[in-house]
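Protein sequences appear in the order of chains B and Y. Taking this note's numbering, the leading residue of the first sequence gets 1, the next gets one more, and so forth. Taking this note's numbering, the leading residue of the second sequence gets 1, the next gets one more, and so forth. First the structure, in the form of structure tokens, and then the observations on it.
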Amino acid sequence: MFNAIQHYRLVQRNRNRAGLGSWHFEWIYKFFLHTGTSRRKYLVEVRQYDEHLYTVDFYAKVHNVNRYRLRTHQHAAGKLGATVLAIIARTIQQDPQACFGFIAAAMLTETTDENTRRFQLYTRMLELKINPARYKVEAFAENSTIFVLPHGLVSQPDALQNTITRYDQIFREVF
Amino acid sequence: MTKYSAKSSKKADPRQQAREERKARNRAIAPERIAKVHIMADGRKLLELKPVQIPGYTYAF
Numbered sequence: 001m002f003n004a005i006q007h008y009r010l011v012q013r014n015r016n017r018a019g020l021g022s023w024h025f026e027w028i029y030k031f032f033l034h035t036g037t038s039r040r041k042y043l044v045e046v047r048q049y050d051e052h053l054y055t056v057d058f059y060a061k062v063h064n065v066n067r068y069r070l071r072t073h074q075h076a077a078g079k080l081g082a083t084v085l086a087i088i089a090r091t092i093q094q095d096p097q098a099c100f101g102f103i104a105a106a107m108l109t110e111t112t113d114e115n116t117r118r119f120q121l122y123t124r125m126l127e128l129k130i131n132p133a134r135y136k137v138e139a140f141a142e143n144s145t146i147f148v149l150p151h152g153l154v155s156q157p158d159a160l161q162n163t164i165t166r167y168d169q170i171f172r173e174v175f
Numbered sequence: 001m002t003k004y005s006a007k008s009s010k011k012a013d014p015r016q017q018a019r020e021e022r023k024a025r026n027r028a029i030a031p032e033r034i035a036k037v038h039i040m041a042d043g044r045k046l047l048e049l050k051p052v053q054i055p056g057y058t059y060a061f
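Structure below.
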């Protein structure tokens with residue numbers, strides 16, 4: 001599973017000219033998922049922060065404030081996950097020291113952000129697909145955040161603490 | 001007291017309770033998947049997960 005990479009395309013790279021948020025660059029990718037009669041456009045936004053920190057957001061393009069929480073009912077998590085992982089792999093090729101942080105949004109039916117269903121899926125997906133010789137998956141079930149960190153960082157408690165604190169600030173900016 | 005109010009004071013349905021417990025158990029991260037628990041400065045628990053080792057599996061990165 002998570003091997004069916006869809007054709008994706010880099011749409012644009014933005015520099016943070018407006019100064020909203022502390023990110024420096026943003027890469028926006030797009031791809032389409034076809035299942036049966038449906039065809040949906042998905043957007044993946046990769047943002048770069050200080051000290052090789054990255055966040056990855058993805059959603060189906062829809063005019064709705066809950067775009068991260070909606071279900072598309074395409075039942076194509078394998079293709080979606082594979083494509084997002086391929087985009088992350090491309091980012092790592094450009095920056096081998098990259099760390100990644102994700103928030104697994106709650107479904108509309110879920111009342112808390114604790115241990116959401118997306119969190120369970122994404123942690124399992126990352127555990128499966130990340131080379132354990134290079135990266136480690138770390139997770140907070142309390143607020144459904146997941147981190148992919150290089151081994152060197154995990155072995156230093158102070159650096160790990162700093163990275164998590166920095167990601168907390170980043171997530172507070174965005175959500 | 002009507003029979004309706006007597007009905008409402010009954011104990012919770014044991015099957016429903018069992019269902020909730022099963023759901024909570026399934027949702028929790030299984031202890032055998034956790035390699036290490038880091039306690040952060042604010043008391044939160046950061047779970048370091050064990051990699052899943054599948055021979056011949058292709059990693060994304």
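Each residue gets a CB set at the ideal place from its N, CA and C atoms; glycine is no exception.
- According to DSSP, residue pairing for residue 57 of chain B in a beta bridge involves B/45.
- For residue 9 of chain B, the enclosing beta strand (DSSP E) starts and ends at 8 to 15.
- Secondary structure of residue 119 of chain B (DSSP, three-state): helix.
- Distance from the CA of residue 56 of chain B to the CA of residue 11 of chain Y, rounded to the nearest whole angstrom, comes to 47 angstroms.
- Annotation: residue 112 of chain B is outside any alpha helix (DSSP H) and is labelled neither H nor E by DSSP.
- Its chain contains 45 as the residues whose beta carbon lies nearer than 7 angstroms to that of residue 39 of chain Y, once the 5 sequence neighbours on both sides are disregarded; these appear in chain order.
- With respect to chain Y, the C-beta atom of residue 92 of chain B has a partner C-beta closer than 7 angstroms.
- At a cut-off of 7 angstroms between beta-carbon atoms, residue 52 of chain Y makes contact with chain B.
- For residue 132 of chain B, the nearest CB of chain Y lies under 7 angstroms from its own CB, placing it at the interface with that chain.
- By the rule that beta-carbons nearer than 7 angstroms mark a contact, residue 44 of chain B does not touch chain Y.
- With fewer than three CB-CB distances shorter than 8 angstroms, the region 35 to 52 of chain B does not count as touching the region 112 to 125 of chain B.
- Per DSSP, residue 23 of chain B has no beta bridge partner at all.
- Close partners of residue 29 of chain Y in chain B (Cβ separation under 7 angstroms): 141.
- With its beta carbon at least 7 angstroms from every one in chain B, residue 21 of chain Y lies outside the interface.
- Contacts with chain B at 7 angstroms (Cβ-Cβ) include residue 60 of chain Y.
- Residue environment for residue 155 of chain B: exposed (fewer than 16 other C-beta atoms within 10 angstroms of its C-beta).
- Assigned with DSSP and collapsed to three states, residue 61 of chain Y falls in coil, not helix or strand.
- If you look at residue 49 of chain Y, you'll find it in the beta strand (DSSP E) that goes 45 to 49.
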